[in-house]
Amino acid sequence: MSQAGAPRITAFVCNWCTYAGADLAGTSRLQYAPEVRIVKLPCTGRISPLFILKAFEGGADAVLVSGCHPGDCHYTSGNYHARRRWGLLRKLLDLTGIDSRRLQFSWISAAEGQKFADLINDLTAKVREAGPFAGANPARKRLAPAPEEAQGPRRES
Amino acid sequence: MSRLGVFVCHCGENIGRTVDCAAVAAAAARFPGVVHSVDYKYMCSDPGQSMIKKAIADLKLTGVVVAACSPRMHERTFRSAAAQAGLNPYLLEMANVREHCSWVHADRAAATAKAVELVRLMVEKTRRDRALRPVRVPVEPTAMVVGGGIAGIQAALDIAAGGKKVVLVESGPSIGGHMARLSETFPTLDCSQCILTPRMVEAASHPNIRLMTYAEVAAVEGFVGNFEVTVRRKARFVDPDKCTGCGDCWNRCPQKRIPSEFDAGLGARRAIYVPFPQAVPNKPVIDAERCTMLKQGKCGLCAKVCPRGAVDFKDRDRLEKVKVGAVVLATGFELWDHASYGEYGGGRLADVIDGFAFERLASASGPTGGAIKRPSDGAEPKTVVFIQCCGSRDEKKGLPYCSKICCMYTAKHAMLYRHKVHDGEATVFYMDIRATGKGYEEFVRRAIDNDGARYVRGRVSRVYRRQDGRLVVKGADTLAGRPVTVLADMVVLADAVRPRRGSERLAQLFGVGYDQHGFYSEAHPKLRPVETAAAGVFLAGACQAPKDIPDAVAQASAAAAKTLGLFSQPQLEREPVIARVNRNLCSHCRSCVHTCPYGAVKDFEVKDRAGSVLKVVAEVNEGLCQGCGTCVAVCRSHCIDLDGFTDEQIHAQIAALEAA
Amino acid sequence: MSPTPSLREDAARLLREGRVKLVIGYRAHAGGGQGPAVPEGACRAPLAGGGGRRPAFIEEAHRAGELVFDGACSQNLAAYLKKPEVRARMPLAIVASEAVGRSLVSLAAESQFAQGALLALAFRGERYEGVKEVEELAALAREAAPEPRRDPDIGRRLAELAAWPAQRRAEWWSARFSRCTRCYACRAACPGCYCQRCVTERNVPQWVSTAALGHGNYAWNMIRAFHQAGRCTLCGACASACPQGLPLMLLNTFLAAQAAEQFDVEAGLDPAAKPLIGTWDPEDDNSFFT
């Protein structure tokens, strides 16, 4: 978390549904927590697992991935491809210490401005409650190895 | 080196009220690559746009970030302003500090800090923008319509009326489709042939329409504006240029007992035949499976009697390539086979017939001359039972959907029957009556109130034949709550509507999606009902879902309008958001090929000068790529990238968040 | 050591008849388990198999007698198919244990060799099954492993980890990943890691830091494992190759189990399989989306 304990939330959203849903939250003047930063992609299908790893590496306290509801993808199936990808990646990251409080997936349509605002508020509250990720974030950039981490080879299953 | 300009808009008070725009501009001035950063009351106004244009020219800007409203609002505005100033429009990006910031946050400090970061994100992206040119694809202004039923005919006529050429491909010997088989049409009881045949003749004689009957699509290459369709022209064994349609041949053909497909098997045709007297073209074909000359080398009577020498037993299927810019699929429907309903006789009872058979019995040009006679013995049936939803709305043994047209044509059938057999009894078993078109409910009421059709709400459990030949129909009247038995002379089943056999194969050729039943998928169920996922391929009629004639015709005209819209420009201009493969690094795992929703990624053989294949890699077809980037994300080595949303840009944006 | 005469006969015959230009198999090595003997001109063996077995690259029929096969032949020979000097000698035959066989089937599904470019001298356990085309190899693999095989120890370890709080898991993994020296022996040993340029080698942009520090190590180990999802046949070559003893099989087994559980995908059984990441089903799990 950066200054004053404000969590950092990076959102990867598609252009056609969730970005437009966030626009609608704006035109409807719905207020939500200001910590989210949106990176716009054409489709959730464009989002590589490396984007998420990079965001955590840079110190994001949470990452949000959001696109069109199943069946509504502007590109017919990009979101389905993405969903399958996340079905595996989120489990892998959870296994290694980035759990579902930190990695949120959502379908938000262009009509769901309220849902977008609610989601950002919920996610922000959840991340605040979980506390800063920095210390526990296994992906976090550190400039030197922590002394207790420097260990010799040891075989284990 | 980048020379970026940042322009922060106050949007009157809309942004300025919560975001300190001057502070944002000041912060942006310190971002790497930014040489000019200002704020202004209304960036989208004329003076605002002029300010941007002047800065581009005076400061030789290589990129522009406008921090204002949503790009969905004004990206086009600002990009065209940039273009007017000589900057490639794709080098201008917008930071959304209104919808995503000032309108949703109240805290001025927090909103300003966020706005600075949003600008920073777009500065990092813009620094890595490349000049892009819209993809321009030449358009061949000729359309292909596949399917010569009423939907296909209507689409062809409308496109032709718009001044564009049309190739109308029909698999049968004549155009006309199912509508040519109908006796009369609901809800007006117009004679179907009377309204259809003039359209058929018009299509055949229109200078912009080329008919290809007895022909099928065999292969498709290319993409929107530039399809090359290979059409298989099936052997007719009759030279249509020589044939005058005099009829001498088919009158002499000794094969007299071939069940006529057109007459639903109730009438007969010859081995050399036109399917019905008003066929267009009115030129016969030889049924190679039934002709003894073609099968055994005996007969040849038709060739002998033909005064024009038009019969050619050596004729073979031919492939012809046609270049077209757009395609309308109008392949229609067929009836579900009620043989799966063992309880209704499983298709074995002669007097249990489908709706088309009843149409032919009722048709003045049909095998009985319009007299209602039951197939088994030709007697006039005095009691007829009509059973709706035969195969429709039956997830277990039939199809789960409503076939939409059966309620109406059953009412019509009951009505026609009562008009022709005054002392006859018509009983209709139904689940619900769905009569939602203009004049439809009134039509059904007329069948009940004026023509005395007896409507029984309930399912028929069984139909069987009694010793004396009469049919026993056992069902339930669910309104009265009691079982019903009707003794009938004939039973008419309203079989479910399903897509034509082979519709999936055609969809695969054109890259069009289809549902589990084989109905073609529209691009959007509400807002793009005639387009498909394949750009330049449109839908008309019952190939998309069960439809009656008015709906099919309306959709056909819509598909024609879409086609004419596509043809209104000599070139197609598309957003240049296109995926590109780095051939040197591609390992040809083919994940992208499987992934692409548009089939735009194909294998490409890299060859040396001698033409031998060095390696195979993936390649993106610019005409088909829609720019979703899904292939990019499945590429493990990241050797595909997406123009406009490159890995480098996204990486820089994520990194900018870290630094901020 | 079983002499496996028919293996040698088949290998000799294939070479003699010109059906293959090269046979890749195993041979005995007197020196025991020290460093691998590197054949002249060939790449360095990514992994020395235990028990004194060495990879053999045989181009002449009369040398087929050098071939051996037994339980000690644990190296995944399919990894050699990545090497241009090996690919240049196609069509080739490869001695295929069950693990190698599944790797080959998986590679066939990813069009990594042309049909007819590769024959397998297939084993089931230590029983020689003869010369097999890829299709037959897949049938053999399906027969041999009707149920997915998972190491029960790994299953227990994964269950143990799952019971911990996330922070403890993060610390546990960080401690292990911190030992990674980024030597990429895991990558070299894996037949499926065949990208011409690994994403970690990409520097514009550099998604994965190449410094052997926590964040780069985490990103590398995550992306290596993820790129194997639905593809890894659990041969264990990566883990055996790792000089730091990282528990890579925990990650691989975990993802293989996820692929099976969520998507009913088992790698290396179908040469016509479409990629798990690259296909979809409308019925895929949607429960984690709000």
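Protein chains in written order, with the working numbering: chain A, 7 to 163; chain B, 1198 to 1857; chain C, 24 to 313.
We put the CB at the ideal spot given by N, CA and C, even for glycine.
Cross-chain neighbours of residue i in chain C, by beta carbon under 7 Å
{"i": "ASP1438 (chain B)", "result": "Those within 7 Å of ASP1438 (chain B) in chain C number zero; the least Cβ separation is about 47 Å."}
{"i": "LEU1782 (chain B)", "result": "GLN219 and ARG220"}
Coarse secondary structure for residue i, derived from DSSP in three states
{"i": "GLU1622 (chain B)", "result": "strand"}
{"i": "GLY55 (chain C)", "result": "Since pLDDT at GLY55 (chain C) reaches only 47, below the 50 mark, its modelled position is unreliable, and no value is offered."}
{"i": "SER72 (chain A)", "result": "strand"}
{"i": "GLU1540 (chain B)", "result": "helix"}
{"i": "ARG43 (chain A)", "result": "strand"}
{"i": "LYS147 (chain A)", "result": "coil"}
{"i": "GLU1556 (chain B)", "result": "helix"}
{"i": "GLY1245 (chain B)", "result": "helix"}
{"i": "HIS1714 (chain B)", "result": "coil"}
{"i": "MET1240 (chain B)", "result": "coil"}
{"i": "CYS1206 (chain B)", "result": "strand"}
{"i": "LEU1386 (chain B)", "result": "coil"}
{"i": "HIS1785 (chain B)", "result": "coil"}
{"i": "GLU326 (chain C)", "result": "Residue 326 (chain C) lies beyond the stretch modelled for chain C, which goes from 24 to 313, so this question has no answer here."}
{"i": "SER112 (chain A)", "result": "strand"}
{"i": "ALA65 (chain C)", "result": "Its pLDDT being 36, under 50, ALA65 (chain C) is placed unreliably by the model, and nothing is read from it."}
{"i": "LEU1532 (chain B)", "result": "strand"}
{"i": "ASP1460 (chain B)", "result": "coil"}
Limits of the beta strand (DSSP E) - the one that residue i falls within
{"i": "ALA119 (chain C)", "result": "115-119"}
{"i": "PHE1583 (chain B)", "result": "1580-1587"}
{"i": "ALA1400 (chain B)", "result": "No beta strand (DSSP E) contains ALA1400 (chain B), which is instead part of the alpha helix (DSSP H) from 1389-1402."}
{"i": "GLU1802 (chain B)", "result": "1798-1804"}
{"i": "ASP1236 (chain B)", "result": "1231-1237"}
{"i": "ILE1372 (chain B)", "result": "Element bounds for ILE1372 (chain B): n/a, residue is neither H nor E."}
{"i": "ALA1416 (chain B)", "result": "1412-1420"}
{"i": "ASN1423 (chain B)", "result": "1423-1430"}
Boundaries of the alpha helix (DSSP H) in which residue i is found, first to last residue
{"i": "GLN229 (chain C)", "result": "Neither: GLN229 (chain C) is in no alpha helix (DSSP H) and is coded neither H nor E."}
{"i": "CYS20 (chain A)", "result": "Element bounds for CYS20 (chain A): not the alpha helix (DSSP H) but the beta strand (DSSP E), 15-20."}
{"i": "GLN1351 (chain B)", "result": "1347-1358"}
{"i": "THR204 (chain C)", "result": "Taken as a continuous stretch (DSSP letters only), THR204 (chain C) belongs to no alpha helix (DSSP H), as it is neither H nor E."}
{"i": "LEU1318 (chain B)", "result": "1305-1324"}
{"i": "LYS26 (chain A)", "result": "Inspection of the sequence shows that residue 26 (chain A) is occupied by Ala rather than by Lys. Unbroken alpha helix (DSSP H) run through ALA26 (chain A): 24-33."}
Within chain A, the residues that residue i reaches when beta carbons sit closer than 8 Å
{"i": "ILE1851 (chain B)", "result": "THR16, VAL45, PHE57, LYS60, ALA61 and GLY64"}
Contacts that residue i makes with chain B (C-beta to C-beta distance below 7 Å)
{"i": "VAL91 (chain C)", "result": "Residues of chain B passing the Cβ test: none, with the nearest at roughly 32 Å."}
{"i": "SER83 (chain A)", "result": "PRO1794"}
Beta-carbon neighbours of residue i, restricted to chain B and to distances below 8 Å
{"i": "VAL227 (chain C)", "result": "GLU1845"}
{"i": "PRO107 (chain C)", "result": "Simply none; closest approach about 11 Å."}
Under 9 Å from the C-beta of residue i: neighbouring residues of chain A
{"i": "HIS1302 (chain B)", "result": "GLN37, TYR38, ALA39 and PRO40"}
Contacts of residue i in chain A (Cβ-Cβ under 7 Å)
{"i": "PHE1842 (chain B)", "result": "LEU47, PRO48 and ARG52"}
{"i": "GLU1855 (chain B)", "result": "GLY64 and GLY65"}
Chain-ordered neighbours of residue i on chain B, where CB pairs are closer than 9 Å
{"i": "THR302 (chain C)", "result": "HIS1791 and THR1792"}
{"i": "TRP230 (chain C)", "result": "HIS1835, ASP1844 and HIS1848"}
Within chain C, the residues that residue i reaches when beta carbons sit closer than 8 Å
{"i": "TYR86 (chain A)", "result": "TRP303, ASP304, PRO305 and ASP307"}
Chain-ordered chain C contacts of residue i [CB-CB under 9 Å]
{"i": "GLY3 (chain A)", "result": "The structure shown does not extend to residue 3 (chain A), since chain A is modelled only from 7 to 163, so the question has no answer here."}
{"i": "ASP78 (chain A)", "result": "Those within 9 Å of ASP78 (chain A) in chain C number zero; the least Cβ separation is about 12 Å."}
For the region 123-142 of chain C, which residues have a CB atom closer than 7 Å to at least one CB atom of chain B, in sequence order? GLU133 and SER134
Taking contact to mean at least 3 C-beta pairs separated by less than 8 Å, is the region 151-170 of chain C in contact with the region 119-139 of chain C? yes
Between the region 1577-1589 of chain B and the region 1514-1525 of chain B, are three or more C-beta pairs nearer than 8 Å? no
Taking contact to mean at least 3 C-beta pairs separated by less than 8 Å, is the region 1655-1666 of chain B in contact with the region 1703-1714 of chain B? no
Validate contact between the region 1313-1328 of chain B and the region 1503-1516 of chain B using beta carbons, cut 8 Å, 3 pairs: no
Given 8 Å as the limit, is there contact between the region 89-102 of chain C and the region 133-151 of chain C, that is, 3 or more CB pairs closer than that? yes
Interface positions of the region 1771-1798 of chain B facing chain C (Cβ-Cβ less than 8 Å), listed along the chain: ASN1781, LEU1782, CYS1783, SER1784, HIS1785, CYS1786, ARG1787, SER1788, CYS1789, HIS1791 and THR1792
Below 8 Å, how does it come out for the region 1396-1403 of chain B and the region 1437-1449 of chain B: are there three or more Cβ pairs, yes or no? no
Cβ contact check for the region 1744-1761 of chain B and the region 1777-1785 of chain B: 3 or more pairs under 8 Å: no
What residues in the region 1807-1834 of chain B have a beta carbon less than 9 Å from any beta carbon of chain A? GLN1823, GLY1824, CYS1825, GLY1826, THR1827, CYS1828, VAL1829, ALA1830, VAL1831 and CYS1832
What are the residues in the region 286-299 of chain C lying within 9 Å of chain B by C-beta distance? LYS297 and PRO298
Counting Cβ pairs closer than 8 Å, one from the region 225-241 of chain C and one from the region 1794-1811 of chain B, do we hit at least three? no
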